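Everything below concerns the one structure shown next.
There are 2 protein chains.
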Amino acid sequence: MNPDESEHRLSRATASRLSLYLRCLSMWQRDGIARVSSGVIAETLGLNDTQVRRDLASIGSLGRPGIGYPLSELIEAIREVLGVNRSWKTILVGVGNLARALLRYRGFQEQGFDIVALFDSDPAKVGTAVGSLAIRAMTELPKTARTCHAEIGILTVPADFAQSAADAMAEVGIRGILNFAPVILRLPETIRCVNVDLTIQLEQLAFQIVRD
Amino acid sequence: MNPDESEHRLSRATASRLSLYLRCLSMWQRDGIARVSSGVIAETLGLNDTQVRRDLASIGSLGRPGIGYPLSELIEAIREVLGVNRSWKTILVGVGNLARALLRYRGFQEQGFDIVALFDSDPAKVGTAVGSLAIRAMTELPKTARTCHAEIGILTVPADFAQSAADAMAEVGIRGILNFAPVILRLPETIRCVNVDLTIQLEQLAFQIVRD
DNA sequence: GGATGTGAACGACTTCACAGCG
DNA sequence: CGCTGTGAAGTCGTTCACATCC
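See the structure below:
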């Protein structure tokens, strides 16, 4: 909005909380609520209210003293800084149970992640479909991914196939990978990667229980 | 090992990295490697080597100058502080595609997370089985969970059913919940919760791409 | 009174620099 | 020389306290 470039490059800690805010703000928007205060957000998520204000202030002065934040403007502003106020063409490699669970979940589509193609190396799966999406052979990945300008790749393959699938993605201009395989991928510096390792999450849960 | 209580209560940041170390250490163990240095671990994971040494020093002086760390002792020590050098009786509620993906993945079992019972509210599923585990009705949860002393609950139900399923878990002595539903659960202070919200992970990926 | 935004204090985490062992 | 462990310095993130505005 401002003419001056005031993108204060927000910290990763702030960015991950903005996603959380977005979750409860969207919920309240469905409930027809129009305004919200930092105190309510903090209470809901178990955070400090000053922290919420700092995070929200870092994306622009949307709040008004005594009033709070307007819900829809706030949601739009957060979606903008997170980069989800647009559509991301997404491909998925490895159509097992996990992939089917992801495809059934409508939250991705709502947040702009548009899954445009599925790939699998299992010949028995190639040619079948999940919903309205056909499963293609890995050999078709380069051409298909390039023609639909896919930028994000979801990796739901077994561990021993993950690196080669990631390499294939890297070669066709994918800019970010959401990796569910429990391996550490070697990727070019230009490609971002977020790992979802469920064993790690369970270990952290165990740690939190035993440390009490 | 020491007679004095030297549990220096490690930070959450350190704990989450210990899980990462465990991943690559286990990998190297399978490859038959016996020793490892902080530099190699740091390089593999894209971290600073001093940080790796600090983390490892915080769980005991296992390293030897000029030599490195003995792999198997290190793995055992990390598993101990994370609380995964034991078995955790685990129940799962909501047997959809995501649950089937988790059940097929053998990594949980290997790290000591022993899934002992499945529950679902869909009468069509109750009575059927996944692998060797029967799917039970939600009404059986209290008795079953108590008799097998379940301590961890995995929640893979649709969003609108998550809170009530979490309440049911809380009532039977579950100490920690791994929640895959995209909702913020209200839980007693005594119950730990780790949320795996896949939309949040995708948003963080988008953010990392656009911020470059 | 009710709520935001922010300098300043505080605390947590990371990295540097280096002593010391193998 | 290679590598660990750690005081000290530096960086980053959180919380307090309060001026300000509705």
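Quick note, the sequences are listed as chains P and E, same order.
If you're matching positions, the first sequence starts at 116 in our numbering and goes up one per residue.
If you're matching positions, the second sequence starts at 116 in our numbering and goes up one per residue.
For every residue, glycine included, the Cβ atom is placed at its ideal position computed from N, Cα and C.
Please read these numbers as outputs of a predicted model, since none were measured by experiment.
- With distances taken between CA atoms, phenylalanine 276 of chain E lies nearest to E:Ala296 out of E:Gly291, E:Ala296, E:Ile289 and E:Thr259.
- The contact set of glycine 211 of chain E on chain P, defined by CB atoms closer than 7 Å, consists of Ala216 in chain order.
- With respect to chain P, the C-beta atom of glycine 147 of chain E has no partner C-beta closer than 8 Å.
- Of E:Ala149, E:Ile148, E:Arg201 and E:Leu140, the smallest CA-CA separation from leucine 171 of chain E is found for E:Leu140.
- Per the C-alpha coordinates, the member of E:Leu197, E:Arg215, E:Pro257 and E:Gln224 positioned closest to serine 131 of chain E is E:Leu197.
- Excluding five sequence positions before and after glutamine 278 of chain E, the CB atoms of its chain that fall closer than 8 Å to its own CB belong to Val298, Leu300 and Arg301, given in chain order.
- In terms of beta-carbon proximity, glutamine 144 of chain E stays away from the interface with chain P, with every pair separated by 8 Å or more.
- Excluding residues up to 5 positions away in sequence, Leu207, Val210, Leu248 and Ile250 lie with their Cβ nearer than 6 Å to the Cβ of leucine 233 of chain E in the same chain.
- Annotation: leucine 189 of chain P is outside any beta strand (DSSP E); the continuous alpha helix (DSSP H) that includes it extends over 186-197.
- Along the length of the region 203-238 of chain P, whole beta strand (DSSP E) runs at least 3 residues long occupy 203-208 and 228-235, reported in chain order.
- Excluding sequence positions up to five before and after isoleucine 156 of chain P, its CB lies within less than 7 Å of the CB of Tyr136, Cys139 and Val167, all in the same chain and listed in chain order.
- No Cβ of chain P is located within less than 8 Å of the beta carbon of isoleucine 250 of chain E.
- In this structure, DSSP gives cysteine 139 of chain E a helical state, which the three-state scheme calls helix.
- Annotation for arginine 261 of chain E: the continuous alpha helix (DSSP H) segment containing it runs 256-262.
- At a cut-off of 8 Å, the C-beta of proline 297 of chain E has a neighbouring C-beta in chain P.
- Within its own chain, the residues whose Cβ lies closer than 8 Å to the Cβ of alanine 214 of chain P, once the five positions on either side in sequence are excluded, are Leu207, Leu233, Val245, Ile269 and Thr271, listed in chain order.
- Closer than 8 Å to the CB of valine 287 of chain E there is not a single CB belonging to chain P.
- The region 182-195 of chain P makes contact with the region 144-159 of chain P; the number of CB pairs closer than 8 Å reaches 3 or more.
- Contact note: cysteine 263 of chain P does not reach chain E at a C-beta cutoff of 9 Å; the least C-beta distance is about 17 Å.
- Closest by C-alpha distance to phenylalanine 322 of chain P, out of E:Arg179, E:Leu313, E:Arg290 and E:Arg145, is E:Arg290.
- In the three-state reduction of the DSSP assignment, alanine 265 of chain E falls in the coil class, being assigned neither a helical nor a strand state.
- Rounded to whole angstroms, the Cβ separation of alanine 216 of chain P and alanine 216 of chain E is 6 Å, and the two are in contact under 8 Å.
- Legend: CB atoms of the region 224-238 of chain P lying less than 7 Å from CB atoms of chain E belong to residues Gln226 and Phe228.
- DSSP, reduced to helix, strand and coil, places leucine 125 of chain E outside both helices and strands of the structure shown, so it counts as coil.
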